[in-house]
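First the structure, in the form of structure tokens, and then the observations on it.
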Amino acid sequence: MWSTPTYLTQMQEILAGLPIEEIRRAGEILLEARRRGAQVFTLGNGGSAANASHIACDLSKSAIRDDLPRFRVISLVDNVPLATAWANDTSYENVFAAQLENLLQPGDVVIALSGRGRSPNILNAARLARKRGATVIGLTGFDGGLLREIADPCIIVPSDCMEQIEDTHLIIGHLLSVYLRECPIETPAPVVAVAGRREPNDGRS
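Numbering-wise (the working numbering), the sequence shown opens with residue 18 and increments by one.
As structure tokens, this is what we get:
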């Protein structure tokens with residue numbers, strides 16, 4: 018039977034089971050993108066769209082530090098007139114890929130959020146990004162769907178509950194934002210904070 022304590026206990030278990038190496042790699046990719054002045058794009062549907070917008074906001078503001086350039090971040094879910102124009106005139110499966118056609122450059126980063134990893138518009142955008150020489154960071158759940166075959170890294174939340182997957186995606190976004198603001202610039206690999214503790218990567222992971 019569902020209860021608040023059960024939900025929270027499950028969240029603790031999910032956080033403890035997160036793929037730390039994939040999160041570490043995502044942090045490294047974003048740090049390098051900032052150093053190079055590469056663009057970062059976020060995208061998702063429904064609750065994942067809200068998380069995509071939130072992550073873009075945090076990278077644009079919360080991750081600011083004086084000794085590094087600011088992120089160049091665009092949430093592709095936020096331009097409603099443009100997204101609906103592409104959906105109406107072509108198809109909803111094209112709403113993100115069409116926007117990337119205008120903006121994406123080799124070396125850019127796309128953060129693709131999809132609870133099941135199966136949404137056609139997410140997959141189309143991810144495939145275009147890879148074809149154009151961009152890096153795709155996937156945030157998903159369940160078995161990762163087709164997104165796990167395209168994104169590298171692909172952070173798969175160990176859950177089949179969409180609400181808990183979306184909760185965890187936002188936590189991952191906050192984790193990355195805090196790392197990008199706080200990490201020592203000399204550190205070759207990120208220090209990843211998970212579930213209230215900080216774990217240095219000592220090269221053995």
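Ideal Cβ placement from N, Cα and C applies to all residues, glycine included.
None of the values given here were measured: they were computed from a predicted structure.
1) Can you name, in chain order, every residue of its own chain whose Cβ lies under 7 Å from the Cβ of N68, other than the five neighbours on each side?
2) Can you name, in chain order, every residue of its own chain whose Cβ lies under 7 Å from the Cβ of A50, other than the five neighbours on each side?
3) Nearest to R89 by alpha carbon, out of G54, L192, G150, N105?
4) Which ranges would you report for the beta strand (DSSP E) in the segment 100-155 if only whole runs of at least 3 residues count?
5) List the residues that DSSP assigns as beta-bridge partners of T21.
6) I think D193 touches G44, with their Cβ atoms under 8 Å apart; what is that distance to the nearest whole Å?
7) Since I172 is in the beta strand (DSSP E), which residue starts that stretch and which ends it?
8) Thinking C-alpha only, which one of A114, Q122, A73 is nearest R87?
9) DSSP on S79, reduced to helix/strand/coil?
10) In three-state DSSP terms, what is L32?
Looking at the atomic coordinates:
1) G61, L130, E183, H186, L187, G190
2) Excluding sequence neighbours, A50 sits near V57, V126.
3) G54
4) 126-130
5) Beta-bridge pairing links T21 to no other residue.
6) In the sequence under discussion, the amino acid at residue 193 is Leu, which differs from the Asp named in the question. Distance from L193 to G44 at the Cβ level is roughly 6 Å; contact confirmed, criterion being Cβ atoms closer than 8 Å.
7) 171-173
8) A73
9) helix
10) helix
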